[in-house]
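Numbering (the working numbering), first residue to last: 652 to 941.
Beta carbons are placed, not taken as given, at the ideal position from N, Cα and C, and that holds for glycine.
Note that the coordinates shown come from a computational prediction; the quantities given were computed from them, not determined experimentally.
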Amino acid sequence: MLLILALIALTMTDRSRDVFAQMGFDFFASRRWSEAEDLFGALPFMWGTLYTAIIAVVLAVPVSLGVALFITEVAPPRIKRPLIYVLDLLAVVPSVVFGLWGVMVLAGPIRGVYDTIHNAVAWLPLLGDVLGPGAQGRSFMTAGIILAIMITPIITSLSREVLETTPPGEKEAALALGATRWEMIRASVLPHSKGGLVGAVMLGLGRAMGETIAAALVIGSALGQTSINVFSSGNSMPAVIANEWGEASNLHKSALIALAMTLFFITILINLAANAIVRRSMRRSRGKQS
């Protein structure tokens, strides 16, 4: 597996040399993307990838953690098993299905919702800019919502496994001392599981950053956008690669490969860090149980 990853990295590095020879560090710092002028700047796509992934994580984490806690600490077996089954089904739905649903069902009606939200907060200094004017149905926020739906089953499943490592003795001791169920969760379950939960969220972030088809369909495919307005159209590294690869040649293709290489290294680092955090949390929990 490591050999395959190394070969992929070497191949992409070799194929992206042309664009780095011409653009240098400006490839990462420039917002200009023009095939006609042979100018390729990755900044808007890096921003769009990170921004939509952060939106997705912010939306998905509360739901995922709530569902995971409900499954592990509250739900009776007759509810727990069907709920786990539904989450497992959601995790294997093809991303193109979510993307088409976002374009055909969500993008149109939600534009009016965005306008209403902006009108309600427009007077606030920073929030009025983040939830800004000129709402588009295909936008950073719409892409974030779709990605949040896609990563919720992943974060939930990983969080559930982490939460289940809490030693029963700790929970029983908290309840025996008169703690309510919620107090027991706050005092015993969450502190014990926080490292693994962080790892689960990071794995969800990595999945959101690497998603291609769903993001390409709903983000809007606007070039040069680095706006903080979540309701504006944008673009991402996976989306621009999917949209432009078929017509790319020469330096343009080298630039797209450089985008893929950048995304490859970012997601590899995120996943390595997340796996290390989860493994360390699991080892710590086993040590406490023994």
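Local Cβ density within 10 Å of residue i, reported as buried at 16 or more and exposed below that
| i | result |
| --- | --- |
| residue 688 | exposed |
| residue 695 | buried |
| residue 620 | This structure leaves residue 620 out entirely; the chain is present only between 652 and 941. |
| residue 718 | buried |
| residue 728 | exposed |
| residue 638 | This structure does not reach residue 638, given that the chain is present from 652 up to 941, and the question cannot be answered. |
| residue 657 | exposed |
| residue 745 | exposed |
| residue 700 | buried |
| residue 785 | exposed |
| residue 685 | exposed |
| residue 803 | buried |
| residue 736 | exposed |
| residue 760 | exposed |
| residue 773 | exposed |
| residue 889 | buried |
| residue 829 | exposed |
| residue 831 | exposed |
Rounded Cβ spacing between residue i and residue j (contact assumed at less than 8 Å)
| i | j | result |
| --- | --- | --- |
| residue 715 | residue 810 | 6 Å |
| residue 854 | residue 922 | 6 Å |
| residue 879 | residue 780 | 6 Å |
| residue 882 | residue 663 | So it is not a contact: roughly 34 Å between Cβ atoms. |
| residue 796 | residue 710 | 6 Å |
Coarse secondary structure for residue i, derived from DSSP in three states
| i | result |
| --- | --- |
| residue 808 | helix |
| residue 685 | strand |
| residue 749 | helix |
| residue 915 | helix |
| residue 828 | coil |
| residue 868 | helix |
| residue 679 | helix |
| residue 791 | helix |
| residue 775 | coil |
| residue 874 | coil |
Closest residue to residue i among the options (Cα-Cα distance)
| i | options | result |
| --- | --- | --- |
| residue 680 | 693, 670, 801, 665 | 693 |
| residue 674 | 927, 911, 905, 924 | 905 |
| residue 850 | 889, 808, 887, 658 | 808 |
| residue 713 | 660, 799, 793, 776 | 799 |
| residue 788 | 926, 702, 871 | 871 |
| residue 926 | 889, 861, 848 | 848 |
| residue 812 | 845, 671, 764, 865 | 845 |
| residue 702 | 861, 665, 839, 733 | 861 |
| residue 739 | 868, 806, 659 | 806 |
Terminal residues of the alpha helix (DSSP H) in which residue i lies
| i | result |
| --- | --- |
| residue 671 | 668 to 674 |
| residue 785 | Residue 785 -> no alpha helix (DSSP H), and no H or E assigned at all. |
| residue 894 | 888 to 895 |
| residue 762 | 758 to 772 |
| residue 847 | 841 to 861 |
| residue 755 | Unbroken run through residue 755: none, as it is neither H nor E. |
| residue 703 | 694 to 720 |
| residue 779 | 778 to 781 |
| residue 737 | 728 to 742 |
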